[in-house]
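Residue numbers (my numbering): 355 to 597.
First up is the structure itself, then whatever we jot down about it.
Right under this line is the structure:
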């Protein structure tokens, strides 16, 4: 196996979900949360799946899978306990170059789904390459313990301050003829460009202590100062001084 870990943009992506039971319920919730365009094919749906289909306007084909159902989709997920159906769907999807995942059936998967721990903006994924779902679950539970309030607050804080930094980048770029196509927008010599190491250094023990104590505004002030965002924007020497 040669799995490459990625997070895929699913908004608007056409997904076929084969099956309407408990395994389908595990998959469809995350798909609609990611704004995928989901079609479910299954003779019947358990109530939680039906509720999600109705709430999010998913398409339901109330019948068993039929040859050709994969056409027009970008991703296929099989949530049945029927190896013959898994193999049929996987073969048809692969023939059309469509990625397919079959639950607990690695041979019929082009990708596998990690065990996911998620809070706020942060998502941490764990995988054993399909070798041990039990270990993947154990790892997820440990990751959920790691995602405490302090870590979630840190994620929110960094996202907020990054907006400030990007706003200043755009202001600088709007006055400079050395602007680059983003990323990174600012040239390497720009005195306003914040190095990646500076962000890492700003996440120090004192910042984390402030967040642990619930002092979000104080933490925000500290990291803004650490990154120099509280100072006037520098004028690069090649621009000269403003009139």
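Ideal placement from N, C-alpha and C gives every residue a C-beta, glycine not left out.
Checking the sheet assignment: what are the DSSP bridge partners for residue i?
i           : result
residue 440 : Note: residue 440 sits in no beta bridge, so no partner.
residue 369 : 392, 429
residue 469 : 480
residue 413 : 393
What do you get for residue i, buried or exposed, if any count of 16 or more other CB atoms within 10 angstroms of its CB means buried?
i           : result
residue 460 : exposed
residue 490 : buried
residue 360 : exposed
residue 421 : exposed
residue 496 : exposed
residue 447 : buried
residue 450 : exposed
residue 444 : buried
residue 596 : Its pLDDT being 48, under 50, residue 596 is placed unreliably in this model, and the coordinates cannot settle the point.
What are the boundary residues of the alpha helix (DSSP H) that includes residue i?
i           : result
residue 579 : 570-580
residue 455 : No alpha helix (DSSP H) contains residue 455, which is instead part of the beta strand (DSSP E) from 453-456.
residue 501 : Run containing residue 501: none; DSSP gives neither H nor E here.
residue 529 : Where residue 529 is concerned, there is no enclosing alpha helix (DSSP H), given that its DSSP letter is neither H nor E.
residue 382 : 376-387
residue 553 : 550-556
residue 566 : 559-566
Are residue i and residue j closer than 7 Å when you measure CB to CB?
i           : j           : result
residue 395 : residue 372 : yes
residue 390 : residue 377 : no
residue 462 : residue 477 : no
residue 513 : residue 562 : no
residue 457 : residue 433 : yes
residue 358 : residue 483 : no
residue 473 : residue 501 : yes
residue 556 : residue 577 : yes
residue 398 : residue 374 : yes
residue 429 : residue 453 : yes
With residue i and residue j assumed to form a contact (beta carbons below 8 Å), what rounded beta-carbon distance in angstroms separates them?
i           : j           : result
residue 407 : residue 379 : With 8 Å as the limit, residue 407 and residue 379 do not qualify as a contact, their Cβ atoms being about 11 Å apart.
residue 530 : residue 593 : 6 Å
residue 519 : residue 565 : Between residue 565 and residue 519 the Cβ distance is about 19 Å, and since that is not below 8 Å, they are no contact.
residue 552 : residue 581 : 6 Å
residue 546 : residue 524 : Incorrect: roughly 11 Å between the Cβ atoms, too far for contact.
residue 587 : residue 515 : That pair is no contact at about 16 Å.
Would you check whether the ligand HEM has a heavy atom nearer than 6 Å to the C-beta of residue i?
i           : result
residue 491 : The ligand HEM is absent from the structure shown, which contains no ligands of any kind.
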